[in-house]
Every structure is written in C-alpha cells, then in structure tokens.
Amino acid sequence: MNILYIFPHPDDESFGPAPAISAQLRQGHNVYLLTLTKGEATKQRFRLGVDKDEMGRIRHEEMKCVEKTLGLSGMTVLDLPDGELKHLDPRTIEDEIEKEIKSIQPHVIITYAVHGVSGFHDHLVSHAVVKNLFCRMKRRKDKYPIRLAFFTRMGETYTDGKFRLSASADSEIAYVETCSEKDMEAFHNALDCYETYQQVIEDSHVKELTSNKVPFEIFGETFDQPLKSIVDQLPKGDA
2 MNILYIFPHP
12 DDESFGPAPA
22 ISAQLRQGHN
32 VYLLTLTKGE
42 ATKQRFRLGV
52 DKDEMGRIRH
62 EEMKCVEKTL
72 GLSGMTVLDL
82 PDGELKHLDP
92 RTIEDEIEKE
102 IKSIQPHVII
112 TYAVHGVSGF
122 HDHLVSHAVV
132 KNLFCRMKRR
142 KDKYPIRLAF
152 FTRMGETYTD
162 GKFRLSASAD
172 SEIAYVETCS
182 EKDMEAFHNA
192 LDCYETYQQV
202 IEDSHVKELT
212 SNKVPFEIFG
222 ETFDQPLKSI
232 VDQLPKGDA
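Mapping the sequence shown onto our numbering, position 203 (from 1) lands on 204, and the numbers just tick up by one.
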C-alpha cells in the first residue's frame, strides 16, 4: 500500500509522526512525504545569520538526511512561501498536492488534524486544503486516494508557557500505531538530522513527550472493529 504524508514544513514529519512512519515502512508499505515549503522563514535564520534562500537550502539538506534516515520511499519538497500559505489562493496549494497524488497514487493520505497540533496557521491551512482536495477527488470518483487520516495527539493539551500542543478527544481517534523501540530510535535519529533546530528540539521536549503510540483520526469513516493498521478496512471496492 502507498501512504503519503503531507505537511507544510521541514521537521513536521519528525515532530511526532516519525515513529509511525518508521513502523509503516517496517510493515512493508511505501511511505512518501510531501512538504509544501522549505521552511525558510524560521527565526533560526537570524541566529545563523543567513537569508531566506540560504535557510531554505540548509533545511532542504537536513530533510535529505531525514529521507535517508527513515528510509522513505520518496520525498518531494515544494517551494511555496513558508509562513504565507494563508495568503495564497488555496486552489494553488491543492493543485500542487494533486500533482503528487496523481504521481504516487496513495491509498492513504495523512496531514494534520483540524487543530494543527501546535495551532500554527500553516498547519491549519494544510488541514483545510488537503481535506477539501480529498473531498473533491472523492466526488469526482478518482481511484486515489481512498482514505484521509489526520495525525494528532491524545491526552491533555500540553503547554509549558512556550509551547502549546493540542490533542484530539479519545472518541475522535480511530487508530493508534504502536511503534517498536527501533521505530523510536529512527524518530530520534530523524530529529537529529535537523542540526539547526537542536535547541528548539531540546526546549520542546519532543523526544520525551512523544510516546510509542501515535494516534490518527480517520475522516468520514466509521468502524465496527478496531483497525489493525492505517490501511485496514479501506472502503470496499476501492482497493
């Protein structure tokens, strides 16, 4: 099965879902990553003394390390403006995502839940455009994608005054990927690829806060039995 993760920035794939990505690859699925921007607007560029173009190049190189570390089946990094997705015509973003979907033909696409975990507006825009595109493609009866899933958190909303991470209600979570020690090691190694973000990684306590159970919401489906995998119980006639 083909699985496509769609996120707006470099490191979004590693700040949470990376253990699940590792697990899904280990299960034999093809797992791809589409990142909408190069993350060039990060404030880390001021600390490094580089402009946006150079910051984008640096972060793209860090993502290549992630691609190799996780063993992704493929990775595409677009050059949409970081931090400015809310100012774009959403159809422009949808068109770019649709090109990738037609190329990969994913059975499942995954992006942020409606709260975007951190609430950053690029995350919220990504949720909205991916969901709208999925619904449009389903109405059109396109063969792919079959399922839309949302990466999320479970438990209480976490805040330490500097970072705030939202969670979904237990009733909204349809599947939890249970990850092995090897998957958690891959997650830590992927985060280590982001050399320019090590202070942020340390300050956010992401390595400590991320458990081996990665939750997902599933859009527009109900289940009589618990899912055995992210691709389990795909709608009949679609796969």
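Note that CB positions come from ideal geometry on N, CA and C, so glycine has one too.
Of all alpha-carbon atoms in Pro18, Ile102 and Leu86, the one lying nearest the alpha-carbon of His122 is that of Leu86. Per DSSP, Glu178 is not a residue of any alpha helix (DSSP H); the beta strand (DSSP E) it occupies stretches across Tyr176 to Thr179. Leaving aside the five residues that flank Thr158 on each side, the residues in its chain whose CB is nearer than 6 Å to its CB run, in chain order, Ser167 and Ala168. Assignment of Asn133 by DSSP, reduced to helix, strand and coil, places it in the helix class. Less than 8 Å separates the beta-carbon of Pro216 from that of Val177. Three or more beta-carbon pairs separated by less than 8 Å are not found between the region 56 to 73 and the region 147 to 155, which leaves the two stretches without contact. Of all alpha-carbon atoms in Glu97, Glu63 and Ile231, the one lying nearest the alpha-carbon of Ser15 is that of Glu63. If you draw a straight line from the Cα of Gly29 to the Cα of Ser230, it is about 12 Å long.
DSSP places Val115 outside any beta strand (DSSP E), giving it a letter other than H or E. In the DSSP secondary-structure assignment, Leu89 is not bridged to any residue. Beyond the five residues adjoining it in sequence on each side, Ile59 comes within less than 8 Å, by CB distance, of Leu49, Val51 and Thr197 in the same chain, given in chain order. For Phe152, there is no enclosing alpha helix (DSSP H); the enclosing beta strand (DSSP E) covers residues Arg148 to Phe152. Pairing Leu35 with Ile7 gives a Cβ-Cβ distance under 8 Å. In this chain, the alpha helix (DSSP H) harbouring Pro20 covers Ala19 to Arg27.
Segment contact: the region 11 to 27 against the region 185 to 196, three or more CB-CB distances shorter than 8 Å; contact assigned. Only residues of its own chain outside the window of five on either side were considered, and among them Asn31, Val32 and Tyr33 have a CB closer than 6 Å to the CB of Ser74, listed in chain order. The C-alpha of Arg140 lies about 19 Å from the C-alpha of Ile111.
Looking only at Pro227, Asp143, Ser119 and Leu125, the smallest Cα-Cα distance to Lys103 is reached by Asp143. The bridge partners DSSP lists for Pro216 are Val177. Residues Tyr159 and Leu166 of the same chain have their beta carbon placed closer than 8 Å to that of Leu210, with the five preceding and five following residues left out of the count.
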